[in-house]
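Student: The structure follows.
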DNA sequence: AATGAATGAGTATTCATTCAT
DNA sequence: GATGAATGAATACTCATTCAT
């Protein structure tokens with residue numbers, strides 16, 4: 001019994017993960033209109049199984065987003081201990097941008113913005129990014145008036161820029177990361193017209 | 001006869017414009033999934049009337065997008081003759097960003113990207129932006145390796161940034177425009193890792 | 001006034017006929033689902049004009065059918081005086097079949113079966129066909145137990161047969177007219193299992 | 001498990017058949033414009049259920065037609081082994097005519113003519129009819145120049161004839177079958193003006 | 001009498017969600 | 001827990017008909 005229930009449980013966990021992975025792929029390819037049927041087919045399970053793990057499509061979206069943010073948080077956490085703070089910040093933005101480029105899931109954010117789980121992991125990511133920024137600022141790598149929230153908000157910008165150019169080389173976004181990062185540097189910084197926003 | 005046919009036509013034109021305006025609002029609020037029924041209700045006409053002016057939902061999207069791009073093009077054209085090229089470029093980005101902030105219709109772009117009308121007006125806008133950028137570069141207001149296409153792609157970035165922060169002050173985006181514009185300035189420019197993209 | 005009202009009236013008559021002709025063509029090509037808009041376009045008039053002549057689509061169908069039957073009636077009437085009654089009957093079936101082949105409007109019959117005008121012209125056609133049959137019978141060209149109603153009902157059969165063979169030669173139906181007409185001949189006639197129907 | 005999945009499947013099969021039967025009835029009564037909603041209501045299922053069994057209305061039409069042709073093919077096949085070839089052919093035409101009389105689905109044929117399944121079953125039916133005809137011809141029951149294709153095309157003619165007489169006795173069509181069959185007999189056959197068509 | 005813009009009921013089809021097995 | 005058949009609300013689009021001009 002214990003053995004068989006373990007079996008069942010581990011099978012279930014496996015299915016859950018398959019569904020999550022399939023959902024990520026499907027959403028990235030089809031956008032938010034990706035259908036639960038297609039996700040189930042891609043995961044190799046029945047439609048009902050998807051709903052037994054995620055009560056609604058929105059719950060599934062939340063899980064995908066949380067997953068995504070958690071991965072990013074790990075990266076930020078690790079880089080928070082790197083020796084060169086300026087290089088660490090740039091690397092974080094590079095890794096985050098690359099993930100974003102591989103799978104655009106931003107449209108899922110708004111659908112999951114109100115969820116408690118997502119909010120919590122977002123806050124934890126924000127905290128780690130703030131650490132990266134504080135260290136970079138202290139090291140003189142970025143201007144003094146840039147906050148963690150600023151950088152947190154800027155994460156997706158470089159990739160978003162190139163999405164308006166269909167057929168662009170896949171790494172073109174690095175050009176815009178460089179431009180934007182230059183805007184964060186202390187050299188030649190002009191005063192900013194609005195104060196940094198609060199993170200509430 | 002002339003009078004009455006003019007009357008008729010002007011009423012029809014009025015309805016057409018009401019539908020267009022309602023579509024803009026509805027798309028901005030609901031995204032691309034805004035239904036034609038809702039648009040019709042908002043415009044105060046019957047569903048059939050929408051289709052008598054725009055044969056398909058896609059045609060309606062194209063009209064909305066073309067409208068928007070045309071307005072932007074007019075702004076760019078006008079600023080192309082302004083005395084201070086650097087200030088003109090910044091003002092263009094300010095005006096364009098503000099429009100974008102009031103109504104986010106970017107998701108309509110991809111749905112209408114293949115349309116001939118949209119492509120043409122996009123190309124004309126691109127040409128005018130390129131003029132602005134060329135003049136700003138010649139005046140030393142921006143770095144030498146920035147092209148019109150670069151700026152064209154960057155137009156929406158500052159507003160996109162703040163969309164990840166619900167409840168942000170409505171003009172917070174100006175902060176990020178300043179940061180990004182600083183990245184375009186010649187002072188303290190670091191070499192860009194990728195060449196500027198072609199506009200095809 | 002008299003002159004101008006005459007003008008108007010004759011223009012109206014002309015429009016009416018254009019609409020009728022366009023409706024015949026359009027129905028023959030598209031079937032009963034042919035739209036009033038398409039008929040109007042084909043006639044070169046506005047949709048409203050069609051409805052000012054024929055209050056409903058059904059009225060238009062009735063007019064087309066009545067027209068068709070009237071033409072057929074004229075043929076039958078003329079052949080009722082021909083010298084060779086057997087040849088006259090065969091010729092009637094040939095002419096009628098040919099019309100039917102050029103424009104299949106049978107599907108309109110059921111939509112107009114209850115109409116008084118159609119019923120009347122149908123009855124008149126039936127009477128003329130009966131004359132043709134009576135004379136042919138008297139001349140020994142067809143079997144004694146065949147009635148006018150029998151032949152009236154058989155008119156469309158030969159063409160209907162070939163409609164199940166797409167790509168058939170356009171005159172293949174004559175083969176089946178010959179076969180069916182052979183069935184009407186006195187030679188080798190077997191007794192018929194059911195009495196001839198009444199025409200009510 | 002086996003039992004429960006069988007149960008499930010058998011319920012589904014039952015629904016599928018209900019839908020098919022309802023579609024047959026509804027199409028026979030309303031013509032090809034019969035709506036899927038009405039079919040669903042008649043079958044006692046929800047609209048979505050119809051589409052879960054038949055992805056499109058056309059698929060449903062194909063299934064109805066294929067069903068019908070398959071039934072007819074079985075009859076032809078069985079009669080191909082009957083002792084009296086002439087009587088067998090007449091019986092086939094009688095059975096086929098009777099089915100046709102009960103439900104006129106000919107208009108569905110053209111809507112499904114391009115379908116591979118329908119084409120195949122049609123060809124098989126054609127082959128069986130050809131066998132019937134060949135045997136009848138060899139037995140001297142029909143004229144030598146009549147082919148299987150001729151008879152295949154003539155199947156619906158007798159019933160079609162009486163459809164122009166609303167309120168006709170339900171077996172009146174047998175009269176016209178007798179007449180047409182007489183036309184196929186060797187006695188008093190006149191030469192046919194066109195060659196028999198190919199079956200391609 | 002002619003016009004054509006407006007109407008709104010009707011059509012096929014999709015899809016998240018439920019539930020009996 | 002897994003299945004997939006059934007559901008029905010929602011969507012884009014069509015078209016006969018009306019009516020102000």
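Residue numbers (the UniProt record's numbering), protein chains in the order written: chain X, 1 to 200; chain Z, 1 to 200; chain U, 1 to 200; chain B, 1 to 200. Every residue, glycine too, gets a C-beta built ideally from N, C-alpha and C. Keep in mind that this is a model prediction, so the values were computed, not measured.
Determine the chain X residues that contact residue 113(Z) at a beta-carbon separation under 9 angstroms, and present them in chain order.
Tutor: 166
Student: The region 176 to 190 of chain U: which residues have C-beta closer than 9 angstroms to a C-beta of chain B, in chain order?
Tutor: 176, 177, 178, 179, 180, 181, 182, 183, 184, 185, 186, 187, 188, 189 and 190
Student: Do we get a CB-CB distance below 8 angstroms when we pair residue 139(Z) with the residues of chain X?
Tutor: no
Student: For residue 173(B), name the three-state secondary structure that DSSP assigns.
Tutor: In the structure shown, residue 173(B) falls within a helical segment according to DSSP collapsed to helix, strand and coil.
Student: May I have the straight-line CA-CA distance separating residue 153(X) from residue 19(X), to the nearest angstrom?
Tutor: 29 angstroms
Student: Does residue 53(U) come out as helix, strand or coil in the three-state DSSP assignment?
Tutor: helix
Student: Using the three-state DSSP reduction, which class does residue 162(Z) fall into: helix, strand or coil?
Tutor: helix
Student: Are there 16 or more other CB atoms within 10 angstroms of the CB of residue 37(Z), so buried, or fewer, so exposed?
Tutor: Residue 37(Z) should be labelled exposed.
Student: Which residue spans inside the region 12 to 58 of chain Z form an unbroken alpha helix (DSSP H) run of at least 4?
Tutor: 36 to 43 and 47 to 53
Student: Quick check on residue 178(U): buried or exposed, where buried means 16 or more other Cβ atoms within 10 Å of its Cβ?
Tutor: buried
Student: Can you tell me where the alpha helix (DSSP H) holding residue 142(X) begins and where it ends?
Tutor: No alpha helix (DSSP H) contains residue 142(X), which DSSP labels as neither H nor E.
Student: Does residue 203(U) get closer than 8 angstroms to chain B when you measure Cβ to Cβ?
Tutor: Lying before the first or after the last residue shown, residue 203(U) is absent from chain U, which here runs from 1 to 200.
Student: Quick one: list the residues of chain U neighbouring residue 172(B), beta-carbon separation under 7 angstroms, in chain order.
Tutor: Counting only Cβ-Cβ distances below 7 angstroms, residue 172(B) has contacts in chain U at 194 and 197, in chain order.
Student: Just how far apart, CA to CA, sit residue 187(X) and residue 59(Z)?
Tutor: 48 angstroms
Student: Can you tell me whether residue 83(X) is helix, strand or coil according to DSSP?
Tutor: coil
Student: Note down, in chain order, every chain U residue with its Cβ under 9 angstroms from the Cβ of residue 60(B).
Tutor: Those do not exist, as residue 60(B) stays about 18 angstroms from chain U at its closest Cβ, beyond 9 angstroms.
Student: Look up residue 9(X) in the DSSP assignment and say whether it is helix, strand or coil.
Tutor: helix
Student: Between the C-alpha atoms of residue 166(X) and residue 13(B), what's the straight-line distance to the nearest angstrom?
Tutor: Distance from the CA atom of residue 166(X) to the CA atom of residue 13(B), rounded to whole angstroms, is 48 angstroms.
Student: To the nearest angstrom, how far is the alpha carbon of residue 23(B) from that of residue 48(B)?
Tutor: 15 angstroms
Student: Beta-carbon of residue 64(X) versus every beta-carbon of chain Z: anything under 8 angstroms?
Tutor: Not flagged as an interface residue toward chain Z: residue 64(X), since no C-beta distance is shorter than 8 angstroms.
Student: Answer yes or no: does any C-beta atom of chain U fall closer than 8 angstroms to that of residue 154(B)?
Tutor: yes
Student: Closer than 8 angstroms by beta-carbon distance: list the chain X residues that pair up with residue 160(Z), in chain order.
Tutor: 156, 157 and 160
Student: Consult DSSP for residue 182(Z) and reduce its assignment to one of helix, strand or coil.
Tutor: DSSP places residue 182(Z) in the helix class (H, G or I) of the three-state scheme.
Student: Measuring CB to CB, does residue 139(Z) end up less than 8 angstroms from residue 157(X)?
Tutor: Against a cut-off of 8 angstroms, the Cβ pair of residue 157(X) and residue 139(Z) comes out as no contact.
Student: Counting along the chain, where does the alpha helix (DSSP H) carrying residue 148(X) start and finish?
Tutor: 148 to 154
Student: Hey, out of 124(X), 185(X) and 32(X), whose CA is closest to residue 107(X)'s CA?
Tutor: 32(X)
Student: With a threshold of 16 other CB atoms inside 10 Å of the CB of residue 182(Z), please say whether the residue is buried or exposed.
Tutor: buried
Student: Within 10 angstroms of its Cβ, does residue 44(Z) collect 16 or more other Cβ (buried), or is it exposed?
Tutor: exposed
Student: Could you tell me the boundaries of the alpha helix (DSSP H) in which residue 111(B) lies?
Tutor: Its alpha helix (DSSP H) spans residues 106 to 112.
Student: Exposed or buried, residue 26(Z), counting other C-beta atoms within 10 Å across all chains shown (16 or more means buried)?
Tutor: buried
Student: Are the beta-carbon atoms belonging to residue 75(B) and residue 50(B) less than 8 angstroms from one another?
Tutor: no
Student: When you compare each of 164(B), 199(B) and 155(B) to residue 169(U) by their alpha carbons, which one comes out closest?
Tutor: 199(B)
Student: For residue 103(Z) and residue 28(Z), which I take to be in contact (beta-carbon distance under 8 angstroms), what is that distance rounded to the nearest angstrom?
Tutor: 4 angstroms
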